[in-house]
Amino acid sequence: MRRLFDIVWKDICQTVRSPMAALFLLVMPLLFTTFFGLIFQGAADEDAVSEKPVVALVVGEEETPILNELRSLILETGELNVEVFAASDYPDPCVLFEEQSVIAVLVLPENFYFSLQEQIPATLYVDETSSEGQTALYTIQHIFSQEQILYSTSMAAMQAVDEQLPYSSDQEFQAAFEQVLAKANQSWDEKAITVSMERTVSSATDDFHIESAYDQSSPGMLVQFTISGLMGIAIIFVQERRTKTMQRMLTTATSRSTILIAHSLSMFFIIVAQQIILVLSGHFLFGVDYLREPLAILLVIVAFALWVGGMGVLMGVTAKNEDQVVLFSLIAMFLFTALGGAWFTLEGTSETFYAIARHTPGAQVMRGFQNIIVRKQGFSSVLEPVGMLFLYAILFYIAAILIFKKNKE
Amino acid sequence: MKKIFAIASKDLLRSIRSLYFVGMSLVAPLLLAFLFSTAFGGGDDSTAISNIAIAFVNQDVPVQSSPNHGEIVYQIFQTTGLKEMITLHDVANEAQAVNGINEQEFSAALIVPADFSQAVMEEGQTAQLRIIYDPAKSITPQILEAITTTVADGFSSSKMMIPLAMEELQRRGGQADEQFYSKLVERITSQSQKSSGVATSMLTVLNPQGQEGEVNDQVQQIISIIMVGMMIFFVFYTGAATSESLLQEEETGTLARKFVSPTRVRDILAGKFLGVLITLIIQICVLLVLSSLVFYIQWGEPGKLVLAVVALITSATGFGLFLMSLLRDTRQTGIVFGGVMTITGMLGGLFTSTIQNMPGFMEILKKLTPQGWALELWQLVLAGASYQQILLPFSVLLGMAVVFFCIANFRFQRRFARK
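If you read the protein sequences in the order shown, they are chains B and C. Start counting at 1 in the first sequence, then tack on 231, and there's your number in the working numbering. Start counting at 1 in the second sequence, then tack on 40, and there's your number in the working numbering.
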């Protein structure tokens, strides 16, 4: 037992002394958490964006009757600013993207009305791949859709009346239609059916931390750098084999299993310590609500550390040199972090990716953390992901033991 | 000259034979691009958002002979275009729906209240369709809200039609009879179905090039941007990793052996620099070819692409040599690979190239790193920018490369002259 703890202590000392370890285990994750937190906060915070994106309204020389109405409707949304350009100055409206700082260009045909059925539709030029472009698209589509609903409702009402009591002329019909449309516009402020949005978080819980911009980046970076941090620890294992210190140890009364258990234990302790520091930093520096269920978080940390430790030992016994450890660790980091939803949420991913990714160990860790910090669930919510992580840990340890036993170096 | 090429080819061979080089220079960027490509549905017909599992709780109690309007909501979600995106699962009550969300079985729940039909049919009555969602999700609640709002607006507008028609008929002195009501109901039904469509016929949407945007094209653009970010990161990484051979040879004494041979220090350094340059040319060519074959990335006009490759390779070589010239031995290189490369890549926007509305400070920080300028140049080439537009980032990158190269050359010359 004493030999085992001697090896553990030696590994821990060796890791703590290395500047690389400090860099990967603590400095980088904190730096990245801050960085991504600031970016997501900045991207979400409207005040951080100096100006609202501008939509260019391109109109013909003939008076376009709804220009002022449309401009007001766009400005009322609070999402966009509007600048008006003459179609004669820009026969090719796409040029506006190069010459002006606009996010979208809306070209209105001459005499365009929302209420006219047979007419050339307006054209919206927009880059749907950008979030600003999507905002412009959805805002303008919503305005058009609302106006179209009002128009078609008023028209349907008018047609019903016309069938019952026909109008004498088109002019009379049009004049009556304008009045009905105006009434419809007034009534639209008090819709019969509305939609409400609610989170599943119960009102009894303190949801102060829900909006933290770090709720995704803090656990995400914790997962990423815990996996990448194991490279420093696994290297020790490889160095022992390469410098033949392991062979020397084996000539003593230390068994192969003691060495393996000792290295696993040292990895486990280092990873747990790293995660505790990162969790506490996340809570106190970035306002992520980790400590509302400390036991549940600790359980996730332990299960995660066991799995990462298993993977580290597997790398340690498989890699032939330090370069291979670095390579394997980075590939593991990229793979499990991306699949785990640590960089981006899995909800927007394709069906195949989601089906595979949601069962990976990284996804289980993210689920465990987010059940507590975002979904505000209780202790029992982490039991399933923790159970899955234990299973993965067992699988990785079994693989490592089998390879280590076969390895007679 | 022969000696320069001999040193360069020896370094090149050493790099290519190394599993580490192959892994870090080629496998890692392709693996990442593959992951992102699969994640966002690139390469096949599936959309990024599909089959969102939603719990549907219909508590509606129909009014007398009227149909169950909750059922109508369900049927609207079964129409083509919506059913591929959203899969409704009938759930008995709200508690079960919330439980399903907590278990991550559903992304959200749509609750139709008991007074829904009453609100649709009876004047003065209102109701609320409730969406309860998983707070860890951000995209699916927005989609569901947009669709449900359109459906709700359909019902609201249809209900509004009755008083509008009645008022107009009365204004003209007409009387509403059974036939009038039945025709009105027909129109309401047709109106509700039409209103469930999201697109509007009064608006045509085109991309900034004036073409109809395809979802797959957009996914392709995202993958291209990600691939560019990954490629720049790993090219800079390889530039530094390959330059490390100078320090390795210095430590193992093979550099000293070269110095005692009739080879000038300048030639040895030139050979080393050339080795880095050729390694990067091979790496970038393989990445460009593989990414266009595997991910169907259109890299743009050949002339501009060559300029972007030249600027990237020279700046990555210069930066790598510059960093290595600052180090004493290979024990310090880990920090450079892990720390400096990652931090400058991060500041250069390589990991956040798909995020829009970046804070203002990020734009300033980007301009301080060669990676930031390289990203700008490649994004312009991908977007089909003119030669005039790419001139600035191209010139800045070349300028940076010259400065880095001169500093590295000066430091190495001085360092090895002492030996």
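Every residue gets a Cβ at the ideal spot worked out from N, C-alpha and C, and that includes glycine.
- For M259/B, a Cβ of chain C is located within less than 8 Å of the residue's own Cβ.
- Its chain contains S198, M201 as the residues whose beta carbon lies nearer than 7 Å to that of I228/C, once the 5 sequence neighbours on both sides are disregarded; these appear in chain order.
- For E185/C, at least one C-beta of chain B is nearer than 8 Å to its own C-beta.
- For D130/C, there is no enclosing alpha helix (DSSP H); the enclosing beta strand (DSSP E) covers residues 126 to 130.
- No Cβ of chain B is located within less than 8 Å of the beta carbon of M381/C.
- With its beta carbon at least 8 Å from every one in chain C, I528/B lies outside the interface.
- No residue range can be given for Q165/C, since it is assigned to no alpha helix (DSSP H) and is classified by DSSP as neither H nor E.
- By the rule that beta-carbons nearer than 8 Å mark a contact, M428/B touches chain C.
- Listed along chain C are V245, L246, N247, P248, Q249, G250, each with a C-beta nearer than 9 Å to that of Y356/B.
- Under the 8 Å criterion on CB atoms, D420/B is classed as non-interfacial with respect to chain C.
- Contact between Q595/B and L620/B is confirmed by a C-beta separation of about 5 Å, below the 8 Å threshold.
- If you draw a 10 Å sphere on the C-beta of M270/C, you find 16 or more other C-beta atoms in it, and that means buried.
- DSSP lists I171/C as the bridge partner or partners of M428/B.
- Measuring C-alpha to C-alpha distances from V454/B to each of V533/B, T308/B, C325/B identifies V533/B as the nearest.
- Along the segment 151 to 175 of chain C, going in chain order, the ones with a CB nearer than 8 Å to a CB of chain B are F156, A159, V160, Q165, T166, A167, Q168, L169, R170, I171, I172, Y173, D174, P175.
- Under the DSSP assignment, I629/B falls in the alpha helix (DSSP H) whose first and last residues are 614 to 637.
- Beta-bridge analysis with DSSP links A335/B to V286/B, V357/B.
- Relative to the Cα of G164/C, the nearest Cα in the group P203/C, E145/C, N247/C, S106/C belongs to P203/C.
- With respect to the 8 Å criterion, L52/C and I404/C are not classified as neighbours on the basis of their beta carbons.
- Here the C-alpha atom of V286/B lies approximately 6 Å from the C-alpha atom of N312/B.
- The contact set of A594/B on chain C, defined by CB atoms closer than 9 Å, is empty, because the minimum CB distance reaches about 10 Å.
- Note on S385/B: 16 or more other CB atoms within 10 angstroms of its CB, so buried under the neighbour-count rule.
- Remark: C-beta atoms of Y173/C and M428/B approach each other more closely than 8 Å.
- Closer than 8 Å to the CB of Y277/C there is not a single CB belonging to chain B.
- In the pairwise beta carbon analysis, the segment 358 to 378 of chain C is classified as not touching the segment 429 to 436 of chain C: fewer than three pairs are separated by under 8 Å.
- Scanning its chain for C-beta atoms nearer than 8 Å, with the 5 sequence neighbours on each side dropped, one finds around Q453/C the residues V305, R306, L309, in chain order.
- Boundaries for T483/B: no alpha helix (DSSP H) harbours it, and the DSSP string shows neither H nor E there.
- Taking every protein chain shown into account, the CB of T180/C has 16 or more other CB atoms within 10 angstroms, so this residue is buried.
- With contacts defined as CB atoms closer than 8 Å, T431/B and N142/C qualify as a contacting pair.
- In the assembly as shown, M206/C is a buried residue. Its beta-carbon has 16 or more other beta-carbons within 10 Å.
- Secondary structure at I297/B: coil, using DSSP grouped into helix, strand and coil.
- Any Cβ of chain C closer than 8 Å to the Cβ of M542/B would place that residue at the interface, and such an atom is absent.
- Listed along the chain, the chain B residues whose CB falls inside 7 Å of the CB of T180/C are E578.
- For T485/B, same chain residues with a beta-carbon under 7 Å away, outside a window of 5 residues either side, are R234 in chain order.
- Rounded to whole angstroms, L339/B and F345/B show a C-alpha spacing of 11 Å.
- Taking 8 Å as the threshold, the shortest C-beta distance from T292/C to chain B does not fall below it.
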